[in-house]
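Q: Below is one structure. I have some questions about it.
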Amino acid sequence: MPDSFEHMPPVGIRMPNGALTSLAGNVDPEHRVAVADLILVQRRVRETVTHLVRELDPEVVGLSIMTFQRRTAARLIKLIRTLRPGVKIVVGGYDPSLAPEAYEEMDVDYLVRGEGEVTFRELLRAVAQGAGVEQVCGLSYRSRDTWIHNPARPPHRLEDSEIRLPNRDSRVLKGYTLLGRQIDVIETSRGCTYDCSFCSIIEMRGRNFHTYSFDRVLADIRDARDHGARTIFLVDDNITLNVRRFEALCEAIIGAGLQKLDYFVQAMTSAIANHGETLAPLMRQAGFRYVFLGIENILQGDLEFLRASAKNTERANGQNAGNATLKAIDYLHRNQMYVVGGLIVGSPGDTRESIEANLEFARRYVDWPYIQHPTPYPRTPMTKEFRDQGLIMNERLEEYDGTTAVVRTEHLPAEEVEFMRWKAERWMKLNHVPAALKHDPGFVVFRGWKMLAHTFRGSSIRSALGLESEKKVFERYRAIRRAERDYV
Ligand code: B12
Ligand code: SF4
1 MPDSFEHMPP VGIRMPNGAL TSLAGNVDPE HRVAVADLIL VQRRVRETVT
51 HLVRELDPEV VGLSIMTFQR RTAARLIKLI RTLRPGVKIV VGGYDPSLAP
101 EAYEEMDVDY LVRGEGEVTF RELLRAVAQG AGVEQVCGLS YRSRDTWIHN
151 PARPPHRLED SEIRLPNRDS RVLKGYTLLG RQIDVIETSR GCTYDCSFCS
201 IIEMRGRNFH TYSFDRVLAD IRDARDHGAR TIFLVDDNIT LNVRRFEALC
251 EAIIGAGLQK LDYFVQAMTS AIANHGETLA PLMRQAGFRY VFLGIENILQ
301 GDLEFLRASA KNTERANGQN AGNATLKAID YLHRNQMYVV GGLIVGSPGD
351 TRESIEANLE FARRYVDWPY IQHPTPYPRT PMTKEFRDQG LIMNERLEEY
401 DGTTAVVRTE HLPAEEVEFM RWKAERWMKL NHVPAALKHD PGFVVFRGWK
451 MLAHTFRGSS IRSALGLESE KKVFERYRAI RRAERDYV
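Here my numbering is used: the first residue of the sequence shown is 1, the next is one more, and so on.
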């Protein structure tokens, strides 16, 4: 999908969707596969898809979809169907898996629920042989006027090496980047055993954790590097569930001489705070540069609503020693890593003061803010709570991108929550410019102004001179966002 959101401005950040190459690497070898990550052609989606469908003449087209991308997916499905009426269309990813009913009304043939590699392989095998798909677990399909949902496929034990390496040669579009350096994604594990109320993971695959062997992980990193990547994003759901394994992985990266690449990872504050003494120096030596910390909120009441207290608690002498965030940040900073601060503001009990406390925290302690609003994605526990309390204000799913507030609090309208965050966050992003300049001077000098213009979209000379209110700028920014969501 081409849809991106506020914290991933395509002018400086275009990351690969890891599902696509993993699926491509796992079909039978006789198939020809082309991966077209439309984030790379965000302003030329229609032309690119038309060109690719005409040139490649595919028999099957698969789409990987998050909830905020559903409307774009529906438009693409129509386009593809018009270009090639007989093509088989398959949808997969978080949104089709968690809201399959929404796709039953679209013109699609198959829907893959949960992990896709083996389901998709078996589906293509059946299509190629003209065989039935009744036995393919994890698959839903249209049969005359109804939809059949085959039994679920249990999560893979990744240890058994059934899932082969991604196929990066199948990419037909170029241009992945993180602030001027080519980026790629790899996985070392899947799953999580926590149950944060805003997260889709548990409904998607249950509470479990499976890991790939280090040999496979290192081979994947080498392959990404050989395809030009200089930065690697580990997209694991929660790599810090097993800290000893993560430490061993850092040692393996160093042992394999792969520490010259930059690494980016997502982590729990409790894991870093409780094990930072040994873990953080190893991460630094292995080349970790950015750590996305799931801080979620600094106030206990909000953490409880988000069911994220446990993963943000420090332990000392076997006792609960309070919020782990500051200690985790300190370990990372002492080891020259940057903190991407994942915070969520706008929970039901939030007041102006509680939101401001979180924004102030971000201003003081994080290097790059990644602040979002609680968003009611299909089937999460949080969605039910917001619905029961009548706090969902917006049902336009294309705006469910995390930085558009679609729920109100008991005290503040949704728009006010978003305004507070937006106003504060734009300025926080400027603080990272010196670090980026040092690391990637070429990018900052030649593209930095574009990033800046993107961050301050909606501003004008009048607003810079203080002749126009921030609210006016915010309205213009929202209008720009609304217009750019028309990708197709
Ligand atoms: C890494 C990650 C990111 C990275 C993205 C890097 C990238 N480009 O891929 C970053 C941090 C940038 C990111 C951003 C966002 N993310 Co995110 N992200 C994740 C995370 C942690 C892992 C996703 C992943 O790559 N997994 C590995 C791959 C291999 O697995 P997979 O994508 O699930 O694909 C498998 C199946 O789904 C299926 N499948 C997928 N597509 C298809 C297609 C076909 C045809 C088939 C057959 C099968 C299939 O098969 C695949 C292989 O088994 C998940 C889950 C989590 N625990 O939080 C959230 C998650 C996917 N993100 C989510 C969201 C909402 C976002 C954001 C909108 C906001 C945010 N929370 O930051 C932005 C949007 C990004 C954008 N495009 O602008 C939500 C989606 C919820 C939903 N219902 O849509 C998740 C589930 C987190 C959550 N809140 O619950 N994200
Ligand atoms: S710890 Fe992370 S992956 Fe696990 S449930 Fe919470 S948000 Fe989701």
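Beta carbons are placed, not taken as given, at the ideal position from N, Cα and C, and that holds for glycine.
Just checking ALA308 against the ligand SF4 - is the residue's beta carbon closer than 7 Å to any of the ligand's heavy atoms?
A: Under cutoff, so the answer is yes.
Q: If ASN208 and PRO155 are in contact, beta carbons under 8 Å, what's the gap, nearest whole angstrom?
A: That pair is a contact at about 6 Å.
Q: Where do the N-terminal and C-terminal ends of the alpha helix (DSSP H) with GLU484 fall, by residue?
A: From DSSP, the alpha helix (DSSP H) with GLU484 extends over 470-484.
Q: Please state whether DSSP places VAL108 in a helix, a strand or coil.
A: Residue state, collapsed to three classes: coil.
Q: Using the Cα positions of THR240 and SER4, report the straight-line distance between them to the nearest angstrom.
A: Their Cα atoms are separated by approximately 26 Å.
Q: For ILE489, which of LEU412, ARG364, TRP147 and ARG307 has the nearest alpha-carbon?
A: The displayed coordinates of the chain run from 1 to 488. Any statement about residue 489 would go beyond what the structure contains.
Q: Under 8 Å, do LEU98 and MET204 count as touching if we go by C-beta distance?
A: Closer than 8 Å, so yes.
Q: Taking Cβ to Cβ, would you say ARG168 is nearer than 8 Å to THR21?
A: Going by C-beta atoms, ARG168 is nearer than 8 Å to THR21.
Q: Please report the distance separating the alpha-carbon of TRP495 from that of LEU343.
A: Residue 495 lies beyond the stretch modelled for the chain, which goes from 1 to 488, so this question has no answer here.
Q: Determine the burial state of GLY349: buried for a count of at least 16 other Cβ atoms within 10 Å of its Cβ, exposed for fewer.
A: Looking at its Cβ environment, which holds fewer than 16 other Cβ atoms inside 10 Å, GLY349 is exposed.
Q: Based on the DSSP secondary-structure assignment, which residues constitute the bridge partners of ILE344?
A: GLN372, per the DSSP bridge assignment.
Q: Measuring alpha carbon to alpha carbon, tell me which residue in ASP215, GLU410 and ASP330 is nearest ASP160.
A: Nearest option by C-alpha distance: ASP215.
Q: Looking only at its chain, what residues have a beta carbon closer than 7 Å to the beta carbon of ILE507, apart from the 5 residues adjacent to it on each side?
A: For the chain, the structure presents residues 1 to 488; residue 507 sits outside this window and is missing.
Q: Bridge partners for THR409 per DSSP, in chain order?
A: BP columns for THR409 are empty, so no partner.
Q: Roughly how many whole angstroms lie between the Cα atoms of THR380 and GLY466?
A: C-alpha separation (whole angstroms): 42 Å.
Q: When the distance is taken between beta carbons, is ALA19 closer than 8 Å to LEU179?
A: Contact: no.
Q: Mind checking whether HIS210 and ARG157 have CB atoms under 8 Å apart?
A: Yes, the pair counts as a contact, with Cβ atoms nearer than the cut-off.
Q: Within 10 Å of its beta-carbon, does ASN320 have 16 or more other beta-carbons around it, so buried, or fewer, so exposed?
A: Exposed, since its Cβ has fewer than 16 Cβ neighbours within 10 Å.
Q: Is there contact here, the stretch 103-118 with the stretch 138-155, by at least three beta-carbon pairs under 8 Å?
A: Output reads yes: the stretch 138-155 touches the stretch 103-118.
Q: When the Cα of VAL265 is compared with those of ASP330, CYS196, GLU353 and TYR338, which residue comes out closest?
A: Nearest C-alpha to VAL265: TYR338.
Q: What is the C-beta distance between LEU79 and VAL488, in whole angstroms, given that I count them as a contact (C-beta under 8 Å)?
A: Between VAL488 and LEU79 the Cβ distance is about 6 Å, and since that is below 8 Å, they are a contact.
Q: Please confirm whether LEU332 and VAL291 have their CB atoms less than 8 Å apart.
A: Cβ atoms of LEU332 and VAL291: closer than 8 Å.
Q: Mind checking ALA310: buried by the 16 CB within 10 Å criterion, or exposed?
A: That one is exposed.
Q: Using DSSP bridges, identify the partner residues of TRP490.
A: Shown here, the chain extends from 1 to 488; a query on residue 490 therefore has no answer.
Q: How long is the line joining the alpha carbons of ARG482 and TRP368, rounded to whole angstroms?
A: Each residue's alpha carbon lies about 25 Å from the other.
Q: Examine the Cβ distances between the stretch 85-95 and the stretch 56-73 and report whether three or more of them are shorter than 8 Å.
A: Output reads yes: the stretch 56-73 touches the stretch 85-95.
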